[in-house]
Amino acid sequence: MTAAPDHALDADVSADVEALYRDGITARRGAFAPEWADRLGEDIDAAFEEALSRPGGAVGRGPNRYYVEIHPEQIRDFVGLVDHPWVRSLCTAVLGPDYRIVELGFDVPLAGAVNQPWHRDFPMPEETRAERRLTSLAFNVTTVDTEEDMGPFEIAPGTQWDDSPDFEHGMFPPKSHYPRYEELAVRKYPRRGDISARSALTIHRGTANRSTRSRPVLVLGVDGPEANNDERHDMAVTRAYWETLPQRVRDHLHCPVVEELSPITQKHTIEGLVMGDA
Numbered sequence: 008m009t010a011a012p013d014h015a016l017d018a019d020v021s022a023d024v025e026a027l028y029r030d031g032i033t034a035r036r037g038a039f040a041p042e043w044a045d046r047l048g049e050d051i052d053a054a055f056e057e058a059l060s061r062p063g064g065a066v067g068r069g070p071n072r073y074y075v076e077i078h079p080e081q082i083r084d085f086v087g088l089v090d091h092p093w094v095r096s097l098c099t100a101v102l103g104p105d106y107r108i109v110e111l112g113f114d115v116p117l118a119g120a121v122n123q124p125w126h127r128d129f130p131m132p133e134e135t136r137a138e139r140r141l142t143s144l145a146f147n148v149t150t151v152d153t154e155e156d157m158g159p160f161e162i163a164p165g166t167q168w169d170d171s172p173d174f175e176h177g178m179f180p181p182k183s184h185y186p187r188y189e190e191l192a193v194r195k196y197p198r199r200g201d202i203s204a205r206s207a208l209t210i211h212r213g214t215a216n217r218s219t220r221s222r223p224v225l226v227l228g229v230d231g232p233e234a235n236n237d238e239r240h241d242m243a244v245t246r247a248y249w250e251t252l253p254q255r256v257r258d259h260l261h262c263p264v265v266e267e268l269s270p271i272t273q274k275h276t277i278e279g280l281v282m283g284d285a
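Numbering follows this note's numbering, with no gaps: position 225 of the sequence shown is 232.
1) Helix, strand or coil for asparagine 216? Go by DSSP, reduced to three states.
2) How big is the Cα-Cα spacing for leucine 102 and serine 60?
3) Could you have a look at threonine 150 and say whether DSSP puts it in helix, strand or coil?
4) Measure the C-alpha to C-alpha separation of valine 265 and glycine 228 and round it to an integer number of angstroms.
5) Extract the residue ranges of the alpha helix (DSSP H) inside the region 167-192, only unbroken runs of 4 or more that lie entirely within it.
6) In three-state DSSP terms, what is arginine 205?
7) State buried or exposed for proline 41, treating a residue as buried only when at least 16 other CB atoms are found within 10 Å of its CB.
8) Grab me the residues of alanine 243's own chain with a C-beta within less than 8 Å of its C-beta, minus the 5 sequence neighbours each way, in chain order.
9) Determine the closest residue to threonine 214 out of Pro181, His126, Ile108 and Glu56, with distance taken between C-alpha atoms.
10) Let me know if proline 232 comes out buried or exposed under the rule of 16 or more other beta-carbons within 10 Å of its beta-carbon.
11) Going by beta carbon distance, what residues of the same chain come within less than 7 Å of alanine 120, once the five residues before and after it are set aside?
12) Contact check, aspartate 201 vs threonine 149 under 8 Å by CB: the rounded distance?
13) Under the DSSP definition of a beta bridge, which residues are partnered with methionine 157?
14) Checking the sheet assignment: what are the DSSP bridge partners for proline 116?
15) Spell out whether any CB of chain B is found under 9 Å from the CB atom of proline 92.
16) How is serine 269 classed by DSSP in three states: helix, strand or coil?
17) Can you name, in chain order, every residue of its own chain whose Cβ lies under 6 Å from the Cβ of aspartate 293, other than the five neighbours on each side?
18) Please return the same chain residues whose Cβ sits closer than 7 Å to the Cβ of phenylalanine 174, not counting the five positions on each side in sequence.
19) Report the option in Gly112, Phe160, Trp93 and Ser218 whose CA atom is closest to the CA atom of alanine 38.
20) For the beta strand (DSSP E) containing threonine 358, name the first residue and the last one.
21) I need the straight-line Cα distance from leucine 225 to proline 172, nearest angstrom please.
22) Is the beta carbon of aspartate 23 closer than 9 Å to that of arginine 35?
23) Look at the alpha carbon of aspartate 50 and the alpha carbon of glutamate 80, and state the distance between them as a whole number of angstroms.
24) Which residue wins for smallest C-alpha separation from valine 86, given the options Val193, Leu191, Leu252 and Gly165?
25) For alanine 285 and alanine 192, I'd like the C-alpha separation in whole angstroms.
What follows is the structure, given as C-alpha cells:
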C-alpha cells in the first residue's frame with residue numbers, strides 16, 4: 008500500500024483562520040480521544056512532580072499557578088499532537104509553510120489560584136502592528152473536563168489588535184481598560200480531546216480556581232519565520248528520538264539535537280504576572 012500524499016492529510020481551516028483574525032481564538036472539538044487526553048494528563052502530572060522537586064523547575068504565574076516548559080520526549084504522543092491535520096493545516100495557513108515549533112509546556116492552576124491580571128503573553132510584533140498580520144500561534148490542550156469552579160480561561164475576543172503605549176511592558180493594559188475586557192470576556196470550557204489555537208496577543212487571563220482540583224493545560228507554541236519566540240525557550244530532543252520522527256515533523260522542529268536531555272530551568276516568565284490577582 009502506498010502512503011497517502013501530504014495534502015490528503017490536510018484539514019479545511021478557512022473558518023478557523025477567519026476566526027483567528029476576527030476573535031483571536033478558534034478551536035477543534037474532539038480532535039483527540041478522551042483517552043489520549045488522559046495519557047497526556049499522566050505525562051504532565053509526572054513532569055510537574057519532577058519540576059517541583061528542583062529549583063527553577065517551575066515558574067509561578069500568581070498564587071497557586073505554575074508554568075513548566077518540557078521537552079517533546081516527556082509526552083508520549085508528541086508526534087500525534089504536532090502532526091494532527093488540523094494543527095498542521097492551521098499553522099501552514101496562518102504562518103506559512105516554514106512555521107517552527109518553538110515551545111512545549113503546560114500551565115497548572117491549582118486549587119486556590121486567583122484571577123490573573125488581564126494580559127497578553129508578549130509585546131506586539133511590528134508585523135502585527137504595521138501589517139495587521141499574526142506571526143505566531145499558541146495551541147492549548149486541556150487534560151480535564153473544565154467546569155465553572157475550576158478557574159476557566161477567559162479571553163476578550165478581538166483584542167489581539169489592541170495597541171496602546173499605556174500597556175506596561177507592552178503586555179499589561181492599565182486597569183482603566185478592564186471594563187471593556189470584562190464586557191467582551193468569554194470563558195472557555197474545553198473537554199478532554201479538544202484543542203484550541205489563539206494569538207497570544209489576544210487579551211486574556213486565568214480566573215480563580217475555587218474547586219479542589221487542578222486544571223492542567225498543555226501549551227504548544229508555533230512561530231512564523233519572522234517571529235523570535237524561540238529565544239525564550241530551551242526545548243531540545245535527543246538524537247535517538249530525532250531519528251524516529253517523520254521528516255514532516257523534523258521540518259518544523261527547530262531545536263537543539265543533543266545526546267542527553269538536561270532538565271529545563273524555566274525562563275518563560277511574563278513580567279509582572281507573579282504579582283498576584285488583578
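Every residue gets a Cβ at the ideal spot worked out from N, C-alpha and C, and that includes glycine. Note that the structure is a prediction, hence the values are computed from the model and not measured.
Taking the coordinates as given:
1) Start at 1 with the first residue of the sequence shown, and residue 216 comes out as number 209. Strand at asparagine 216.
2) The residue given as residue 102 occupies position 95 in the sequence shown. The residue given as residue 60 occupies position 53 in the sequence shown. Cα-Cα distance, rounded: 37 Å.
3) Within the sequence shown, residue 150 is the residue found at index 143, counting from 1. Note: threonine 150 maps to coil in three-state DSSP.
4) Numbered from its first residue, the sequence shown carries residue 265 at position 258. Numbered from its first residue, the sequence shown carries residue 228 at position 221. The straight-line gap from Cα to Cα measures roughly 21 Å.
5) 185-191
6) Here the question's residue 205 lines up with position 198 in the sequence shown. Three-state result, arginine 205: strand.
7) Position 34 of the sequence shown, counting from 1, holds the residue named residue 41. Flag for proline 41 reads exposed.
8) The count along the sequence shown starts at 1 and reaches residue 243 at position 236. Result list for alanine 243: His78, Cys262, Pro263, Val264, Val265, Leu268 and Ser269, in chain order.
9) Translated into the one-based positions of the sequence shown, residue 214 becomes position 207. Considering only alpha carbons, the answer is His126.
10) Translated into the one-based positions of the sequence shown, residue 232 becomes position 225. Flag for proline 232 reads exposed.
11) One-based indexing of the sequence shown puts residue 120 at position 113. Closer than 7 Å at Cβ, skipping near neighbours: Gly69, Pro70, Asn71, Arg72, Gly158, Gly213, Ala215 and Asn216.
12) Your numbering for residue 201 matches position 194 in the sequence shown. Your numbering for residue 149 matches position 142 in the sequence shown. That belief holds up - the Cβ atoms of aspartate 201 and threonine 149 are roughly 6 Å apart, short of 8 Å.
13) Residue mapping note: residue 157 aligns to position 150 of the sequence shown, counting from 1. Paired residues: Asn216.
14) Mapped onto the sequence shown, residue 116 falls at position 109. Answer is Arg72.
15) Given the protein chain composition of this structure (a single chain), no chain B is represented.
16) In the sequence shown, residue 269 corresponds to position 262, counting from 1. Residue state, collapsed to three classes: coil.
17) Nothing can be reported for residue 293, as the shown portion of the chain is limited to 8 through 285.
18) As a position in the sequence shown, residue 174 is number 167, starting the count at 1. Within the same chain, phenylalanine 174 has close Cβ partners Pro180.
19) Within the sequence shown, residue 38 is the residue found at index 31, counting from 1. That would be Trp93, whose Cα lies nearest to the Cα of alanine 38.
20) Residue 358 is absent from the model: the chain starts at 8 and stops at 285.
21) Taking the sequence shown and counting its residues from 1, one reaches residue 225 at position 218. Taking the sequence shown and counting its residues from 1, one reaches residue 172 at position 165. Cα to Cα, the separation comes out at about 31 Å.
22) Within the sequence shown, numbered from 1, the residue matching residue 35 stands at position 28. Within the sequence shown, numbered from 1, the residue matching residue 23 stands at position 16. Their beta carbons are under 9 Å apart, which means arginine 35 touches aspartate 23 by this criterion.
23) If you number the sequence shown from 1, residue 50 lands on position 43. If you number the sequence shown from 1, residue 80 lands on position 73. Computed Cα separation, rounded: 10 Å.
24) Locating residue 86 in the sequence shown gives position 79, counting from the first residue. Comparing Cα-Cα distances from valine 86 to each of Val193, Leu191, Leu252 and Gly165, the minimum goes to Leu252.
25) Locating residue 285 in the sequence shown gives position 278, counting from the first residue. Locating residue 192 in the sequence shown gives position 185, counting from the first residue. Annotation note: pLDDT 31 at alanine 285 (below 50); position unreliable, coordinate value reported separately. Going from the Cα of alanine 285 to the Cα of alanine 192 covers about 15 Å.
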